[in-house]
Amino acid sequence: MDKLLFGVAYYDEYMPYDRLDEDIKMMKAANINVVRIAESTWSSVEPQNGEFDFKHIDRVIDAMEKAGISVIVGTPTYAIPTWLVAECPDVLAVTKNGQGIYGARQNMDITNPTYLFYAERVIRKIMERVSKKKCVIGYQLDNETKHYDTAGTNVQHLFIKYLKNKFHDINDLNDEFGLAYWSNKINSWEDFPNVLGTINGSLGAEFEKFQRVLVNKFLSWQADIINEYKREDQFVTQNFDFEWRGYSYGVQPRVNHFEASKCLTIAGVDIYHPTQDYLTGTEISFGGDMTRSLKNDNYLVLETEAQGFENWVPYDGQLRLQAFSHIASGANSVMYWHWHSIHNSFETYWKGLLSHDLKENPTYNEAKIIGDEFKSFGDKLVNLKKKNDVAILISNEALTAIEWFSMTLDFKYNDVVRWVYDELYKMNVGCDFIGPDSEDIEKYKLIVIPALYSAPEELLNKLNSYVKNGGNLVVTFKSAFTNEYVKVSHNDQPNIINECLGVTYNQFTKPNKVSLKGHTFNISEEENTVEHWMELLTATTAETVAYYDHPNWGKYSAITKNHYGEGIATYIGCFTNKAILKEVLIGVLKEVNLFGEEQKYNFPIIIKSGYNSENEKIVYYFNYSYEKQSIKYIHNDGIELTKNKEVKKGEEVILNPWDLIIVQEIN
Amino acid sequence: MDKLLFGVAYYDEYMPYDRLDEDIKMMKAANINVVRIAESTWSSVEPQNGEFDFKHIDRVIDAMEKAGISVIVGTPTYAIPTWLVAECPDVLAVTKNGQGIYGARQNMDITNPTYLFYAERVIRKIMERVSKKKCVIGYQLDNETKHYDTAGTNVQHLFIKYLKNKFHDINDLNDEFGLAYWSNKINSWEDFPNVLGTINGSLGAEFEKFQRVLVNKFLSWQADIINEYKREDQFVTQNFDFEWRGYSYGVQPRVNHFEASKCLTIAGVDIYHPTQDYLTGTEISFGGDMTRSLKNDNYLVLETEAQGFENWVPYDGQLRLQAFSHIASGANSVMYWHWHSIHNSFETYWKGLLSHDLKENPTYNEAKIIGDEFKSFGDKLVNLKKKNDVAILISNEALTAIEWFSMTLDFKYNDVVRWVYDELYKMNVGCDFIGPDSEDIEKYKLIVIPALYSAPEELLNKLNSYVKNGGNLVVTFKSAFTNEYVKVSHNDQPNIINECLGVTYNQFTKPNKVSLKGHTFNISEEENTVEHWMELLTATTAETVAYYDHPNWGKYSAITKNHYGEGIATYIGCFTNKAILKEVLIGVLKEVNLFGEEQKYNFPIIIKSGYNSENEKIVYYFNYSYEKQSIKYIHNDGIELTKNKEVKKGEEVILNPWDLIIVQEIN
Amino acid sequence: MDKLLFGVAYYDEYMPYDRLDEDIKMMKAANINVVRIAESTWSSVEPQNGEFDFKHIDRVIDAMEKAGISVIVGTPTYAIPTWLVAECPDVLAVTKNGQGIYGARQNMDITNPTYLFYAERVIRKIMERVSKKKCVIGYQLDNETKHYDTAGTNVQHLFIKYLKNKFHDINDLNDEFGLAYWSNKINSWEDFPNVLGTINGSLGAEFEKFQRVLVNKFLSWQADIINEYKREDQFVTQNFDFEWRGYSYGVQPRVNHFEASKCLTIAGVDIYHPTQDYLTGTEISFGGDMTRSLKNDNYLVLETEAQGFENWVPYDGQLRLQAFSHIASGANSVMYWHWHSIHNSFETYWKGLLSHDLKENPTYNEAKIIGDEFKSFGDKLVNLKKKNDVAILISNEALTAIEWFSMTLDFKYNDVVRWVYDELYKMNVGCDFIGPDSEDIEKYKLIVIPALYSAPEELLNKLNSYVKNGGNLVVTFKSAFTNEYVKVSHNDQPNIINECLGVTYNQFTKPNKVSLKGHTFNISEEENTVEHWMELLTATTAETVAYYDHPNWGKYSAITKNHYGEGIATYIGCFTNKAILKEVLIGVLKEVNLFGEEQKYNFPIIIKSGYNSENEKIVYYFNYSYEKQSIKYIHNDGIELTKNKEVKKGEEVILNPWDLIIVQEIN
């Protein structure tokens with residue numbers, strides 16, 4: 001990428017009247033240089049089966065070309081037209097709730113051949129139309145693609161073939177999944193029951209894994225079509241999203257982002273987050289670190305909030321703070337969903353840069369400032385590269401397995417992931433994410449592993465070696481409890497890595513009035529709490545960092561640390577208050593020499609950095625608060641880009657509320 | 001009506017043994033002069049297809065005739081017999097939950113021809129039997145009729161025809177409803193999808209509007225049949241009910257009462273309300289004002305609670321206080337649901353005047369006092385007429401639209417309606433209700449408009465003229481946001497009436513720690529709160545009554561007042577604490593000269609008045625509390641009717657707990 | 001039984017590898033002398049239709065025989081194999097949620113002939129294989145059998161026949177059930193509607209009663225098959241369970257245990273209960289008293305928790321305290337569910353004596369202590385007989401009826417049962433349970449009747465006679481309100497027994513800020529509360545124990561006491577604080593001479609006693625707390641068995657936390 005992209009999703013199709021010229025004028029005024037179009041407009045592009053209408057696409061592309069604004073074309077396949085369902089009702093996915101009915105987006109069976117046939121045709125028609133246009137810089141495959149819980153007879157049929165491929169002998173399947181329990185044994189492939197009724201978490205989790213594979217297949221099928229048409233200089237991306245808790249919260253349960261991104265040339269993402277009094281930047285950083293890690297490269301923020309829901313209207317300064325936070329995480333674009341607010345239907349309140357009156361407003365006006373800054377010094381910021389010493393190991397399989405056994409847990413996988421991530425974020429520890437199949441483990445000085453409930457032996461053995469060879473681990477409770485088929489290990493817990501951790505347990509419980517003792521943590525009494533889960537640890541070779549404080553459990557360790565080979569492996573056997581976790585992490589970071597000057601700053605002062613295309617170090621200081629902050633600049637002397645002013649190491653700097661500085665270091 | 005009706009619903013069919021003579025004796029002892037019969041007894045009247053049995057109807061009518069008690073005959077159509085469903089299962093309504101199963105009442109498809117055929121036959125048979133009986137004074141069509149969410153293929157078929165009638169060109173429909181969004185465009189009428197799945201609020205709300213039209217059609221179809229038989233002196237009514245929140249709360253979502261009442265000769269209603277410590281009279285007044293407004297005339301209370309649910313057993317005095325509260329709102333009847341408590345089935349605990357032992361009890365004994373008073377001075381009270389200066393404009397369309405966009409709101413339409421109504425009630429401001437099609441707007445000095453989310457341009461233009469010509473408005477947030485098809489206006493907000501209001505906005509949010517500043521309200525700090533919703537107002541020609549008190553929103557107005565032509569238009573841009581609303585309303589009432597002596601009294605002292613058939617002014621003072629109240633009588637000299645004693649203007653009067661006085665003024 | 005059974009459920013089928021020898025070694029080390037096998041393993045025993053595989057059964061029985069461990073064989077019928085559903089999908093029960101899908105246990109229609117055909121075949125095959133084995137001491141029919149809400153057309157067909165048998169004339173049914181209401185009359189048997197839709201509680205409750213009859217039929221059908229094979233010395237049992245609220249809470253709604261146990265030779269049960277800080281022993285005592293009462297004999301605890309859910313890991317001493325609590329209630333066995341924790345599927349966290357690592361652990365180690373004690377002095381404890389003076393009358397019909405009318409109640413039947421039971425338990429009052437058909441009423445000095453909502457006249461007349469002849473009653477609110485068909489009585493309430501109680505009412509309500517006055521209870525102000533329900537009582541011949549304290553209800557009695565013939569009948573008209581109930585019960589116990597020395601002790605000191613086979617009195621003192629307790633031993637001199645030491649009446653005894661003493665009195 002040769003410049004930062006600053007843009008919006010733009011739907012000429014949704015406009016209440018013809019405003020194309022007016023919109024482009026307002027975009028140019030804001031230095032918007034890219035729009036994303038066409039995604040979800042199938043019923044406009046192909047109003048009847050085989051009848052195509054490129055009016056909107058043509059006029060937008062032509063106008064953008066003239067205005068010098070780039071265009072990303074999305075394939076329209078994630079929302080199907082009414083004629084398709086009227087003609088072929090079985091394209092609607094069958095889920096545990098039965099067959100869907102028309103209305104919502106993302107309700108089709110992504111394996112249905114009829115759907116695929118018509119989807120392919122419309123993609124090809126669009127590609128023929130747009131791929132040669134100069135302003136078209138790339139393509140988005142579908143949008144927020146997931147498997148939509150598709151589980152009809154046809155899908156289950158494919159699943160049985162998939163299982164046969166893994167387990168040639170049905171009894172291996174029975175044994176591995178423990179199907180003898182409650183008489184669930186399948187003694188002949190022909191007897192395979194409806195998987196939607198299963199109470200067997202191994203079978204259920206494997207089916208969800210298979211459903212994630214369907215997403216990979218669907219996306220690479222689309223990518224193959226696109227690749228037939230696309231120019232070399234055009235990219236292919238996807239708009240990934242996250243576990244949704246009213247905003248982008250954590251690992252996406254229905255997509256394996258690492259696998260799904262293989263067919264892309266650049267990863268893309270949408271990130272929505274709390275704002276106003278609740279803006280912390282955590283989700284921007286989390287989503288950015290995740291997406292940057294997919295291809296170890298810069299990524300596109302294809303959607304983020306402008307005014308969003310009713311309580312997402314940004315305070316003065318917040319829109320700008322957010323934009324640079326994306327760039328500081330390695331994004332090469334900031335694109336709003338969307339340009340204008342929609343006057344009908346589901347997302348009427350998911351507002352764009354323009355309100356329903358389509359006039360200027362404070363949010364649009366702040367976007368103008370951002371556009372201006374991107375234009376004036378964006379070339380210093382684009383293609384920011386990072387080299388982090390810390391990685392967090394995440395796993396879709398662990399997530400799904402914990403969902404299946406949630407009856408015993410008061411938390412979900414992503415609560416543990418975020419518990420860990422958030423403390424690192426607040427201490428300005430830059431992180432990558434890696435998956436269970438990562439080849440890059442050795443690259444990191446410290447790997448943090450939250451609740452890796454389900455893990456293959458191979459990975460666990462690799463972790464032992466990693467520590468032996470000088471790597472460092474922080475592993476939490478509920479890790480390595482089962483194998484990749486969610487069979488609990490009958491070896492000592494945690495399976496295999498008890499070796500590097502030097503700790504084991506065979507009982508666990510839910511804490512009731514439990515705190516920690518015997519530690520050196522700098523925490524208050526109210527912070528000394530353990531919730532939801534505790535394992536009754538016995539250190540074998542490890543030293544105990546903290547014991548449980550409780551009349552019956554006081555003899556058990558809660559947190560341990562083990563020197564193993566050249567490395568150190570820390571185990572946290574319980575879900576502690578975040579203050580305790582912070583103390584544990586500080587201890588580890590200090591011991592492995594990762595606690596530097598930046599870690600002395602804490603949220604709401606967030607520091608991010610990286611190296612630009614010229615290999616110049618770029619440092620960001622963000623003030624995520626309503627309080628004016630006076631801080632000491634701790635990096636090398638440089639040019640503060642927003643004011644284009646020199647700044648010296650050690651100099652006092654004032655950060656206004658929701659403001660930031662960006663320094664290009666001078667070596 | 002020549003006298004107040006005092007009565008009960010009476011079901012000989014439900015009696016555990018023959019008590020007709022005993023019941024009539026007890027009714028006469030309580031001066032009960034009317035019973036309602038036959039409603040919901042189809043399976044008794046027509047035990048098999050085409051076999052009729054009028055035993056219960058005949059014997060009750062004959063006995064009532066002899067006893068001098070009038071009879072209202074209800075058609076039995078709102079609960080269908082088992083044979084009908086066994087023979088024709090498709091009479092059961094198909095809703096979004098699939099086809100219903102037999103059991104509950106109100107489960108049929110009111111458009112189903114089979115149902116209509118049999119319903120018509122049984123109605124005609126009953127009419128032939130009863131219409132010439134002298135004691136029969138009127139008919140109730142069905143009961144609490146609604147559309148029961150009927151939405152089967154046949155109903156959707158009718159809906160498409162209804163839409164075609166409105167939108168001759170399908171593209172007008174697509175544009176008006178914004179169906180291009182998420183590929184929902186319907187490019188051919190044949191492609192019309194199942195409306196139950198729609199995520200388009202314009203389409204969904206229009207379907208609900210169409211369902212309300214079905215209710216109007218059904219009732220007028222029944223009225224037409226009844227009218228073939230009824231004598232001139234017999235009335236036709238319906239038992240309307242309200243949004244149910246464990247009691248009668250607000251505007252009925254599934255019926256447009258204004259439209260549905262057109263086929264009636266007199267409006268009827270049931271009103272259920274909290275009692276004991278929670279009795280305030282608000283629902284009696286609200287339901288009464290609504291029902292009186294339907295035909296601008298007196299109305300029947302066809303059902304109200306006797307002992308009701310477990311916590312509805314009235315305290316001493318409450319049953320009488322309630323009865324006269326109905327009359328003071330313009331009711332010409334008080335009828336209990338029901339005479340005796342039922343010994344089996346769903347409403348066992350919805351108790352009647354008699355308990356399950358069918359003997360005298362404190363509630364029945366209090367009914368005897370009421371009956372005695374109705375008899376002795378009811379002729380002074382009947383046909384009470386009111387001329388109110390204030391109207392509240394309500395809208396089914398606004399209600400439905402807000403339901404569709406409830407994801408963004410922490411309240412429903414009726415919360416706003418009641419927020420406004422309750423403050424007016426507590427200040428003794430008499431109100432009428434008007435609908436969006438009202439021809440009577442000019443009649444009122446002040447119109448209060450809560451959350452008129454969806455409004456046609458014509459109405460909004462009319463409101464501008466109304467103010468210009470000297471009318472006064474109080475409009476709340478979320479008004480005039482969309483047109484009648486729930487398309488958000490792309491003009492300045494609030495659409496069109498921003499002219500008379502002199503205010504506009506294009507951003508809004510959810511308040512977090514927001515209060516008001518710059519006002520002159522007499523409120524405490526705890527009362528100075530804004531919840532759920534705030535619009536960031538900019539006054540154009542209006543003056544600001546209050547600003548938001550908040551670090552980021554302090555520059556925006558919250559409440560404004562605008563002199564426009566001869567009138568004043570007030571806008572309340574946020575959901576305030578009720579204490580603030582009260583202050584705003586007092587300000588408006590004073591400015592438009594509607595703040596009189598009665599407004600100096602407040603709940604729990606409630607004052608109601610009107611003019612009887614002789615045009616004598618009748619004034620009620622109610623004490624809605626457990627505290628004895630000493631108050632000054634502020635109306636003209638008159639006769640206090642309950643004690644038949646003179647009372648002078650300015651005299652101190654004692655109101656016992658849950659007691660009242662009724663004064664006939666002497667001019 | 002000649003010894004205490006100490007055992008586990010054991011599933012060779014579920015083992016991750018062959019551990020039979022190792023398991024037996026560890027069992028022997030813990031003096032485990034019985035295992036339960038085969039239940040729920042149909043898919044292992046009959047992997048394909050008609051192909052049998054007894055591998056696991058054979059090898060376990062052979063190994064146990066050799067090891068001297070007894071075996072209870074469960075029939076495998078409560079979880080069906082995949083081939084059965086694949087071949088005959090209609091074996092899955094149709095409930096109000098439609099037809100089930102394969103996966104969970106207990107999902108079949110227990111009346112389906114196909115299911116019964118295959119179930120019978122597999123039972124016979126197993127019986128042929130195992131019935132002659134010496135170590136097999138008994139059989140368990142199915143497991144936790146219920147009707148699984150089966151309600152398909154075939155079941156409803158049987159229900160109509162069942163009703164025809166009771167009500168020869170359909171109009172008797174209509175009258176008794178009050179079907180005229182809301183037009184529900186069934187005027188011809190052919191018109192019988194789908195009972196799943198009914199809103200008639202009489203019809204609905206009768207259907208549930210019929211469903212409970214299906215359970216009786218199913219179990220006695222299995223018993224008949226077993227009886228063809230079983231040796232005289234082998235027993236037949238069932239594993240009953242209770243209303244589940246995360247643990248065994250109260251009367252089982254879906255089974256009439258009294259009726260269902262008739263086909264058994266010994267009653268069996270599973271009891272799960274809170275532990276750790278929440279262990280009280282109440283559920284052990286409640287479940288034990290219930291199960292002992294079924295056949296007035298000792299019973300088997302076939303399942304109880306080892307480590308159970310995450311918060312059921314016992315504190316040191318608790319497993320042992322629990323074990324002896326079972327025995328002290330009359331159990332002849334303590335069997336854990338289950339030996340080893342399961343490595344896959346639904347109950348992964350419902351842990352056995354062994355954790356997933358299958359090694360020794362603190363819980364297993366405590367089991368070893370118990371096994372050792374059972375072995376050394378179990379012969380003194382086995383076959384403990386009780387003669388209680390107090391019985392609690394419970395009723396499935398009352399439970400179901402209160403469910404149907406729960407809309408008016410803030411509590412369920414079992415809340416009232418446990419409210420009463422728990423206070424008696426905490427005062428060490430030994431209780432039996434009796435059903436409405438009990439022939440043993442006269443045996444008891446005091447019968448306590450919680451919320452007997454639905455009761456036949458015959459029973460009520462019997463209760464009048466019982467009191468007249470010197471029996472004593474404590475009856476709570478909501479008793480004798482309806483007849484056995486849930487028709488509310490139109491006589492004075494409580495129906496019929498108002499005679500012995502000397503009290504009546506015809507109004508009731510939900511209390512709001514109501515307490516009691518006029519009493520002599522020793523309670524604090526905070527304890528003086530009435531919640532959920534109050535009846536406005538008028539004493540006829542009774543004296544008032546307490547009045548309501550409330551401005552409007554102060555004239556009504558709340559609790560009354562009546563001398564009637566030779567007995568005393570107490571009525572509690574409201575749901576009081578448990579402190580009030582305790583005071584009422586103390587008053588009654590004292591008056592009828594049932595308040596002895598043991599009642600001066602209170603929870604956490606629990607005293608239980610009975611007579612062993614030698615008619616020696618055995619007394620248990622339990623300390624259900626974390627506090628060391630110093631108490632006076634109040635029984636006759638004897639031998640304390642756990643320490644084998646003499647103890648004298650009046651001696652001070654120390655009870656350690658969660659510890660107990662067991663004394664064999666020396667007469």
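Protein chains in written order, with full-length UniProt numbering: chain V, 1 to 667; chain A, 1 to 667; chain C, 1 to 667. Note that beta-carbon positions come from the ideal geometry of N, C-alpha and C, so glycine has one too.
Which residues in chain V sit within 7 Å of Leu358 (chain C), going by Cβ to Cβ distance? Simply His490.
Taking C-alpha atoms, which residue in C:Gly288, C:Ala546, C:Asp53 and C:Ser613 lies nearest to Ser515 (chain C)? Considering only alpha carbons, the answer is C:Ala546.
Those residues which DSSP pairs with Met127 (chain C) across a bridge: Paired residue(s): none; Met127 (chain C) is not in a bridge.
query: Is it the case that the Cβ atoms of Ile101 (chain C) and Gly197 (chain V) are separated by a distance below 9 Å?
result: Yes. Within cutoff.
What three-state label does DSSP hand Cys263 (chain V) in the structure shown? Helix.
Does Ser355 (chain V) pass the burial test, meaning 16 or more other C-beta atoms within 10 Å, or should it be called exposed? Buried is the call here.
To the nearest angstrom, how far is the alpha carbon of Leu537 (chain A) from that of Lys649 (chain V)? Approximately 45 Å between the Cα atoms of the pair.
Review point. What separation, rounded to the nearest whole angstrom, lies between the Cα atoms of Glu457 (chain V) and Ser557 (chain V)?
Key: Rounded to the nearest whole angstrom, the CA to CA distance from Glu457 (chain V) to Ser557 (chain V) is 25 Å.
| task | Report the option in C:Phe207, C:Val45 and C:Lys25 whose CA atom is closest to the CA atom of Lys66 (chain C). | result | Ranking the options by Cα distance to Lys66 (chain C), first place goes to C:Lys25.
Smallest Cα separation from Lys3 (chain A): which of A:Lys555, A:Ile327, A:Lys146 and A:Asp149? That would be A:Ile327, whose Cα lies nearest to the Cα of Lys3 (chain A).
* To do: May I ask which residues mark the beginning and end of the beta strand (DSSP E) holding Leu300 (chain C)?
  => First-last of the beta strand (DSSP E) with Leu300 (chain C): Tyr299 to Glu305.
Contacting positions in the stretch 274 to 287 of chain A - beta carbon closer than 7 Å to chain C
Closer than 7 Å at the C-beta level to chain C, one finds these residues of the stretch 274 to 287 of chain A: Gln276 and Asp277.
Measuring straight from C-alpha to C-alpha, what distance separates Pro113 (chain A) and Val155 (chain A)? If I take the Cα positions, the gap works out to 12 Å.
Notebook entry, point to check: Pick from V:Ile580, V:Ser131 and V:Glu566: whose alpha carbon is nearest that of Asn472 (chain V)?
Noted result: Answer by Cα proximity: V:Glu566.
| Cα-Cα, which of V:Tyr444, V:Thr570, V:Ser202 and V:His519 is closest to Gly554 (chain V)? | Residue V:His519 is the option with its Cα nearest to Gly554 (chain V).
Check: With respect to the beta strand (DSSP E) encompassing Leu655 (chain A), which residues constitute its N-terminal and C-terminal limits?
Finding: Here the beta strand (DSSP E) through Leu655 (chain A) covers Glu652 to Leu655.
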